[in-house]
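Structure record follows, encoded as structure tokens.
Residue numbers (our numbering), protein chains in the order written: chain A, 286 to 562; chain B, 801 to 970.
Shown next, in the form of structure tokens:
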């Protein structure tokens with residue numbers, strides 16, 4: 286049964302649809318989560334050829350301050366160390382590095398945004414890590430005592446890195462089999478999907494280069510967030526009155542979806558991974 | 801070395817913050833020691849949720865969240881950041897539609913344009929304006945008492961500096 290379950294995971298990675306060249310629902314995707322607040326600006330910055338709408342920490346260090354903050358700070362020393370280790374292991378320059386996640390049919394990493402941007406294409410040559418790259422700066426992957434070193438981090442990155450085309454299937458098999466009991470029963474797509482991205486636990490995608498709304502196939506949001514939004518709207522009509530924060534949050538979600546609509550990007554409500562499922 | 805609830809990363813406009821109970825200096829290894837409690841807070845309800853590791857918090861700084869640091873230079877206690885974070889979320893939009901009592905901070909920080917123009921906002925004053933809302937809306941904060949202590953401390957300093965009248969009635 287383990288072999289059959291391994292093949293089922295491989296099928297999800299290959300994501301073959303019913304027609305030649307088509308994709309099935311429930312295949313692996315590369316996703317980037319974004320908050321409702323940032324979606325309109327992302328869409329606005331997506332116009333024009335070669336638009337660079339999604340910004341990383343290095344891009345942001347050069348932008349104007351946001352409300353309530355001091356002028357942007359340079360990228361932290363610890364982050365630079367992690368990025369240097371990634372560069373040493375993969376050859377990707379820190380300034381070109383954008384971090385996504387592997388997702389199947391859920392709504393991505395909710396901690397990083399209530400909207401999950403699903404990429405049209407996952408590149409075969411893309412690098413993956415089997416966990417959050419920050420883990421190499423934390424125990425048990427980092428030394429318990431003494432200073433952090435790029436050399437040691439590089440070794441850790443090499444131990445958890447792979448290429449999308451060659452290693453994604455293997456990484457997902459290991460991740461699935463270590464997070465759920467491999468029994469005498471077949472794993473379902475939903476069970477595998479939950480193992481791929483569950484709560485805080487995910488596979489990190491090291492994308493080279495930014496992207497714009499034109500690279501986005503669809504946007505997903507969780508059923509929990511959609512229900513919360515509907516509840517706020519209902520209470521605004523019928524009471525009890527929602528708080529200002531709730532009203533503002535809902536208004537921003539509406540603005541985000543209007544902006545995505547102008548870009549002809551569909552927003553789908555799906556199940557959420559982790560604790561708010 | 802004061803251990804307190806401090807923000808690891810935040811995006812005030814999006815309403816996201818990660819906070820942990822640690823010393824102020826994030827470059828110190830002890831600020832990243834194992835077993836440090838870390839919580840995720842998000843709009844619109846600002847209810848702290850425990851997360852397993854600070855790694856998830858620092859990961860947020862790679863995209864929309866800001867690197868650790870003080871929200872406003874006028875803050876005298878870093879713990880004030882936690883309450884101010886929630887207030888920041890509310891002030892970052894058009895607030896005219898809200899009743900003034902429900903939305904005190906908005907009167908002070910109206911929008912980005914005002915901030916850029918004046919570049920002289922005072923975070924502590926904004927927090928004072930926001931206090932009634934914070935107390936009413938965030939009673940469930942795990943670190944509420946720490947925030948209250950910081951506010952009380954600030955109030956004492958204000959009284960000593962400005963005279964006998966308390967600026968904040970606690």
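For each residue, glycine too, the CB sits at the ideal point set by N, CA and C.
- Task: Can you tell me the Cβ-Cβ gap for residue 530 of chain A and residue 844 of chain B, rounded? I've got them flagged as a contact below 8 Å.
- Result: Correct: roughly 4 Å between the Cβ atoms.
- Task: List the endpoints of the continuous beta strand (DSSP E) containing residue 842 of chain B.
- Result: It spans 838-842 - the beta strand (DSSP E) in which residue 842 of chain B sits, taken as one unbroken run.
- Task: Please check the pair residue 392 of chain A and residue 506 of chain A, which I expect to be a contact at CB under 8 Å, by giving their CB distance rounded to whole angstroms.
- Result: 6 Å
- Query: Is the Cβ-Cβ distance between residue 858 of chain B and residue 849 of chain B less than 8 Å?
  - Reply: no
- Using CA coordinates, which residue listed in A/454, A/497, A/416 is at the minimum distance from residue 444 of chain A? A/416
- Query: Do residue 300 of chain A and residue 454 of chain A have their C-beta atoms closer together than 8 Å?
  - Reply: In terms of Cβ geometry, residue 300 of chain A and residue 454 of chain A do not form a close pair [threshold 8 Å].
- Item | Counterpart residues of residue 301 of chain A in DSSP-defined beta bridges | The partner list for residue 301 of chain A (beta bridge, DSSP) reads A/308.
- Task: Could you round the C-beta distance between residue 368 of chain A and residue 382 of chain A to whole angstroms and report it? I think they count as a contact, below 8 Å.
- Result: 6 Å
- Contact set between the segment 388-403 of chain A and chain B, restricted to residues whose Cβ is under 9 Å from the partner: Listed by position, the residues of the segment 388-403 of chain A near chain B (Cβ gap below 9 Å) are 394, 395, 396, 397, 398, 399.
- Contact with chain B by residue 347 of chain A, beta-carbon distance below 8 Å: no
- Task: To the nearest angstrom, report how far apart residue 282 of chain A and residue 404 of chain A are at their CA atoms.
- Result: Here chain A has residues from 286 to 562 only, and residue 282 of chain A is not among them.
- Item | CB of residue 252 of chain A within 8 Å of CB of residue 464 of chain A, strictly | Outside the displayed span of chain A (286 to 562) sits residue 252 of chain A, for which this structure offers no information.
- Message: So with CB distances below 8 Å, who are the chain A contacts of residue 815 of chain B?
- Response: 320, 322, 530, 534
- Task: From the DSSP output, in three-state form, read off residue 482 of chain A for me.
- Result: Coil at residue 482 of chain A, not helix or strand.
- Item | Host alpha helix (DSSP H) of residue 821 of chain B (start-end) | That residue, residue 821 of chain B, is in no alpha helix (DSSP H); its beta strand (DSSP E) goes 816-822.
- Item | DSSP three-state assignment for residue 314 of chain A, whether helix, strand or coil | Strand at residue 314 of chain A.
- Message: I'd like to know if residue 856 of chain B contacts chain C, where contact means its C-beta is closer than 8 Å to some C-beta of that chain.
- Response: Of the protein chains in the structure, A and B, none is chain C.
- Unbroken alpha helix (DSSP H) run spanning residue 441 of chain A, endpoints: Annotation for residue 441 of chain A: the continuous alpha helix (DSSP H) segment containing it runs 435-445.
- Item | Positions along the segment 418-431 of chain A whose CB lies within less than 7 Å of some CB in chain B | 419, 420, 423, 424
- Message: Taking a contact to mean a Cβ-Cβ separation below 8 Å, would you say residue 395 of chain A touches residue 449 of chain A in this structure?
- Response: Not closer than 8 Å, so no.
- Task: Kindly indicate the opening and closing residues of the alpha helix (DSSP H) around residue 516 of chain A.
- Result: Here the alpha helix (DSSP H) through residue 516 of chain A covers 508-523.
- Message: So with CB distances below 7 Å, who are the chain A contacts of residue 840 of chain B?
- Response: 396, listed in chain order.
- From this set, A/339, A/330, A/425, A/461, which residue's C-alpha is nearest residue 486 of chain A's C-alpha? A/461
- Task: Take every Cβ of the segment 425-437 of chain A, pair it with every Cβ of the segment 519-538 of chain A, and state whether three or more of those distances are shorter than 8 Å.
- Result: By the Cβ criterion, the segment 425-437 of chain A is not in contact with the segment 519-538 of chain A, since fewer than three pairs of Cβ atoms, one from each stretch, lie closer than 8 Å.
- Item | DSSP state of residue 397 of chain A mapped onto helix, strand, coil | For residue 397 of chain A, the secondary structure class from DSSP, reduced to helix, strand or coil, is helix.
- Query: Between residue 512 of chain A and residue 527 of chain A, what straight-line distance do the alpha-carbon atoms span, to the nearest angstrom?
  - Reply: 14 Å
- What is the residue span of the alpha helix (DSSP H) that residue 367 of chain A lies within? 362-375
- Query: Of the choices A/471, A/516, A/532, whose alpha-carbon is the least far from that of residue 293 of chain A?
  - Reply: A/471
- Item | Residue span of the alpha helix (DSSP H) that contains residue 534 of chain A, given as start and end | 529-547
- Query: Are residue 318 of chain A and residue 537 of chain A touching if we call contact CB-CB under 8 Å?
  - Reply: Taking 8 Å as the Cβ cut-off, residue 318 of chain A and residue 537 of chain A do not qualify as a contacting pair.
- Using a Cβ-Cβ distance under 8 Å, would residue 784 of chain B count as near chain A? Given a span of 801 to 970 for chain B in the structure shown, any question on residue 784 of chain B remains unanswerable.
- Query: Does the segment 332-351 of chain A come within contact of the segment 307-315 of chain A, defined as at least 3 CB pairs closer than 8 Å?
  - Reply: The segment 332-351 of chain A vs the segment 307-315 of chain A: no contact.
- Cα separation between residue 438 of chain A and residue 488 of chain A? 18 Å
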